[in-house]
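Visitor: Take a look at this one; I'll ask things after.
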Amino acid sequence: AELAEHGFRFCMESLEAKLEKHKELPEDEKTGEAGRLEDSVRFYQEALGLARQAGDQAAVKQIQEGLKEVKKKRSQESNDPTEEAAQ
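Throughout the sequence shown, residue numbering follows our numbering, covering 11 to 97 in sequence.
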């Protein structure tokens, strides 16, 4: 359980840093971030599986929130080109 908790903390810190970095990027650089967002979703899903195996409900809830945030950003990323084309 301690190893799972350590892995979870590492995952969360890494993903939070990536999300903050993404917020600071200029718009033209964000288009390349789509693949990284896909990687983040997979990373969160792996962490979620580990937290569930460990039976850590607090971690599961926190990871699920983070996963929602990444999916929201991914959705915004995929919607940007269509919004620009419509204008």
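Beta carbons: idealized from backbone N, C-alpha and C, even for Gly.
By DSSP, does D49 sit in helix, in strand, or in coil?
Guide: For the purposes of this step, residue 49 is taken as residue 39 along the sequence shown, with counting starting at 1. In the structure shown, D49 sits in a helix (DSSP, three-state: H, G or I).
Visitor: Contact between the segment 23 to 34 and the segment 58 to 71 is defined here as three or more beta-carbon pairs at a separation below 8 Å; is this criterion met?
Guide: no
Visitor: Can you list, in chain order, the residues of its chain whose CB lies under 8 Å from that of L60, leaving out five sequence neighbours each side?
Guide: Within the sequence shown, the letter at position 50 stands for residue 60. Here L60 has A14, G17 and F18 as same chain residues with Cβ atoms under 8 Å from its own Cβ, once five neighbours each way along the sequence are excluded.
Visitor: How many angstroms separate the CA atom of E79 from the CA atom of R62?
Guide: As a position in the sequence shown, residue 79 is number 69, starting the count at 1. As a position in the sequence shown, residue 62 is number 52, starting the count at 1. Cα to Cα, the separation comes out at about 19 Å.
Visitor: Closest to S50 by C-alpha separation, out of Q72, M22 and Q86, would be which residue?
Guide: Taking the first residue of the sequence shown as position 1, residue 50 is located at position 40. Taking only the C-alpha atoms, the option nearest S50 is M22.
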